[in-house]
Structures are given as structure tokens and as C-alpha cells.
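**Q** Structure incoming, see below.
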Amino acid sequence: MTPGLSLSDARARVPRLVVAPADSKADRDLLLNLAARCERYTPLTALDEPHGLVLDIAGCAHLFGGEETMLQRIIADFSTWGFTARAAVAPTPDCARALARFSAGGVFTDNAEAAVARLPLAALEADEDAYFALHRAGFKTLGDLSARPTRLFAARFGNDFPYRLERLFGRADRRITPLRPPPERMVERHFLEPFSAREVLDAVIGDLLREAAYLLEQRGEGGRRFELSFFRADGHVRCLYVETLRPTRDEIFVARLFREKLDSLADPLDPGFGFDALRLAVPHAEKCDALQESFEGASQSDNERELSELLDRLTTRFGRSRVLRFMRGDAYEPERESCTAPVSAPPSEWPRPMAGEPPARPLTLFDPPQPVEVVALAPDGPPARFRWRRKTHDVLRAEGPERIAPDWRTQGMQAAERDYYRVEDVEGRRFWLFRHGLYERGEGTPRWFIHGLFA
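Residue numbers (this note's numbering): 909 to 1363.
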């Protein structure tokens, strides 16, 4: 069986052949899953579609006992996961790819050029016309091409051909683009024997956090987001993260957040056959200076720190979507003037009322505004009396109107304006009413609504 064989020929050779439509999306999802599993060896993983992966193991091989031992472990792990893999270690990605696909594989860090020279012309992966022309010219291996002047091949097959040869022989490097950019702050642990006990897991997390805190201290930074990756012995990868409102390198507090996270998971962390590697990354960090303490020994920002830690714990336990803060919206309509956002979002600047002045907006708003019956001394004048919830209120004072035009982007050009009044009845209760529509424009009889209550 060879790629490109017609279905009828394939069935003629294998009568009981099982046929299924190709699913390129499922193939890519499988490669992505395998790439995530391979992050236990190196954070720099990339797809080599349609059937391969490329790992940049520079600086990582010594963690596994050298390149040869690391290669054997990778192949053994793939076999455990149910895949037959062939791998090669070479100075450049193209060189390693060619040796993995067209040789028996292995480590070629010292003899890469000689090994590539023995590869067949198919390792070029050129089009059929180029392959046929080279074959007719008597070339059989890449070494035959390397012995000829490259300008001859450039004139016949284009300028990219010599560059492709240089990459295959490892003389030109083409860096891979990893699926995820590697974090600048990362620590990890690998274990010869997988473990599953929770107390061991807590101890390893604490050890990783202490090392990360030292790394952050050396950089004068504090972490805002901490990501912990759990690599199971069967290849499954689980990632958890916690976020903080303020930059921190307090490993005890972050460890408490991770315990909160683990205890509140809807899908509990399953160790399976045990974890054989853990990685802690700090992808988001900010400048963090040491806290200045007062002469009494207490921090000058204890209250702020305690509040932020409380919010961090609540966010970790209940999720970002359930711990919110009010933000100032980009709109004039009262119902859109404020919105909610995760508490980790930067706070908004709210206008402060003048000293001695009553607030311009009530804290309590009705959604939607409730209709009221109003009696006014003039058509466009303030209300003199209104009836709300079957009770009549006589207005003692009224201030307004404050005209708010509608947002044409959401309500259109023909939407009616609102005239808002702050009113106080004879019993001292204060309301926020508005007239929807104007008499002067002939928009019919405007309607009145109560939108909020002042405390």
C-alpha cells in the first residue's frame, strides 16, 4: 500500500479493507493533543503537519540524561500512548525531519551531514517534475546533489532549491514557531517514579513556588498569573491557573490559592497512574518592590493587601465570572453608564460629587423604568404630582430637566430624548423621574417613568 493509491486498487489488494472518510480536523486535534503531551520534555513544541511534531530540546536534554536517553524515552512514551513513533535529533528542524522520515532515526548531532547525504531524493519532498528530472539525470541521494554547484539547480528549479538543500544538511537554520510562546519565568520537576498522593503533590507545588519566588525576586517582579501543568504518566495533561490582583511572590499565599483551586474543581484532578512531571509558569508578572514597613513593624498597606488576598481567594474558589466589580461604561444612558467586569480588571475612575452637593445619580435604579402618572403645571414643566404603585406623591421640590439624548448606534436616529428631574415629595422622599419624548416635536403624548430612588 502506498499513498495516492486508488480505492479500487486498494480493495483489490486487500478485499477486507475498512474504509472511512478522512477527517482532517480530527487529525489536527490529535496532533495538538500529542503536542501538549510533549510539553513535558520541552515548552517549545510545534506541529509538522500532517503527521509529525517538532520539538526544540536545546537546554532540555540534560534533564533526561542526555539526548540518546531522552529520545528513547519519547519513543517509549508514544508507544505507551498507542502510537508507533520514529524520531531523530539533529542540529536544525529540517534536518531532523528528513532523518526521522527517511531513515531509521536516532541522534545525529555529530554526523548529521553524512547521514543526510545518504538519504534518497524523496527527502527533498519536491514536486514530481523536479524528482523525475533529477532521477533521469542520474542523481540518487542527497549527497549526489551536494557535490554539484548549487547555481545549476537554482537555474533549473528556482532559487529556493539550494536553500532547501542547505536546510536539510543543517547548514541553514529555520527556527520553529511554537504553539505557545515559552514563558520567561518557568520552573519544573521530573520524577523517575510517578506519584499520586495529595500530600506529595502539595509538597512539590510548594517547592516549585519557592523556586519561582526566588526567580521573581531576582528579577524584581511579582507574579499576577501562575499556571501549573500536571503531566500524567499516561500522557494526559491538565493545566490549572490562579490570578492575583496585585503582583506577589508570596509562595505561601499562592500555594493556598492552588489548594483552594484543587478543592473547588467541578472536575476533580485525577492522578490516574500518577504524575511524572509538574511545571509552574508565571506568564504575567509586574514590577514588585519590597514592602516598606513602618516603625511599628506593620505594613503600610495591610488593609489593601488583606482585601486583595480575600478577593483572590473568592475568585479562585468561585471563578472570575462570579466575583465582579462595577466599571464605568462608555455610554450616556443611565442603564448603560455602568457595567460589571471581573474583579481583576483595572478599576475605573468615577466622577466625585462636589462637597455638599447631592448625588446626580441614584444608587438604586429600576430595570426597566417603571411607568408613573404625572400632573405637571406646564406641558414641558417639572412634575407637580405623580402616582406610583397606587400612591399619590405631592412634589415639594424639583430640579431639572437634564436632557439625555439616545445613542443612535443602538437605538437609531428616531429615538426620543429623555428629560430627567430630581424631585422630593412632601414627606422628604426623593425620586428620579424622566419624561420620554417631547411635546414640541409632535411626538404624541410623552410618557413619564420613575428610574431610580435616592437614599
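Glycine residues also receive a C-beta, built at the ideal position from the N, C-alpha and C atoms. Bear in mind the structure is a predicted one, so any value in this text is a computation, not a measurement.
Can you list the beta strand (DSSP E) stretches of 3 or more residues lying completely in the region 926-969, in chain order?
**A** Listed in chain order, they are 953-956, 960-963.
**Q** Can you pull the DSSP bridge partners for R1233?
**A** Answer is A1249.
**Q** Give me the Cα-Cα distance between S1137 and D956, rounded to the nearest whole angstrom.
**A** Between S1137 and D956, the C-alpha separation is close to 23 Å.
**Q** Expressed to the nearest angstrom, what Euclidean distance is found between the alpha-carbon atoms of S1054 and L952?
**A** Going by the C-alpha atoms only, they are around 31 Å apart.
**Q** Report yes or no: is there a C-beta of chain B within less than 7 Å of the C-beta of A1313?
**A** Of the chains in the structure shown, none is chain B; there is only one protein chain.
**Q** In whole angstroms, what is the alpha-carbon distance linking A1012 and G1182?
**A** Using only the alpha carbons, I get a separation of about 32 Å.
**Q** Spatial neighbours of P1279 within its chain, please: CB distance less than 6 Å, with the 5 preceding and 5 following residues excluded, ordered by chain position.
**A** These residues qualify, in order along the chain: F1357.
**Q** Please state the DSSP three-state secondary structure of I983.
**A** Helix.
**Q** Nearest to R1337 by CA position, among D1327, A1324, G1360, is which residue?
**A** With distances taken between Cα atoms, R1337 lies closest to G1360.
**Q** Report the three-state DSSP secondary structure of T1152 (helix, strand or coil).
**A** DSSP places T1152 in strand when its eight states are reduced to three.
**Q** Does Y949 pass the burial test, meaning 16 or more other C-beta atoms within 10 Å, or should it be called exposed?
**A** Y949 comes out buried.
**Q** So what's G1114 in DSSP terms, helix, strand or just coil?
**A** Reduced to three states, the DSSP call for G1114 is helix.
**Q** Out of E1335, A1268, A1286, which one is the CA nearest neighbour of R1311?
**A** Selected option, being the one with the closest Cα: A1268.
**Q** Is the beta carbon of A1030 closer than 7 Å to that of E1129?
**A** No.
**Q** Rounded to a whole number of angstroms, what is the C-alpha to C-alpha distance between S916 and D931?
**A** Those two C-alpha atoms are separated by around 20 Å.
**Q** Under 8 Å Cβ to Cβ from A1206, same chain only, skipping five residues before and after it: list those, please.
**A** Below a pLDDT of 50, predicted positions are generally treated as unreliable, and A1206, at 49, falls in that range; no measurement from the model is reported.
**Q** Going by the beta-carbon positions, is the gap between V1150 and K1169 smaller than 7 Å?
**A** Result yes, Cβ atoms of V1150 and K1169 sit closer than 7 Å.
**Q** Return the chain-ordered list of same chain residues with a C-beta closer than 8 Å to the C-beta of F1061, the five sequence neighbours on each side being excluded.
**A** The residues are L1053, F1069, P1070, L1073.
**Q** Candidates D1288, D1220, A943: which alpha carbon is nearest R1133's?
**A** The residue with the shortest Cα to Cα distance from R1133 is D1220.
**Q** Would you say the region 1016-1023 touches the region 991-1005, given that touching needs at least three Cβ pairs under 8 Å?
**A** Cβ pair count under 8 Å is three or more, so yes.
**Q** Which stretch, first to last residue, makes up the beta strand (DSSP E) that contains K1169?
**A** Segment 1159-1171 is the alpha helix (DSSP H) holding K1169; no beta strand (DSSP E) there.
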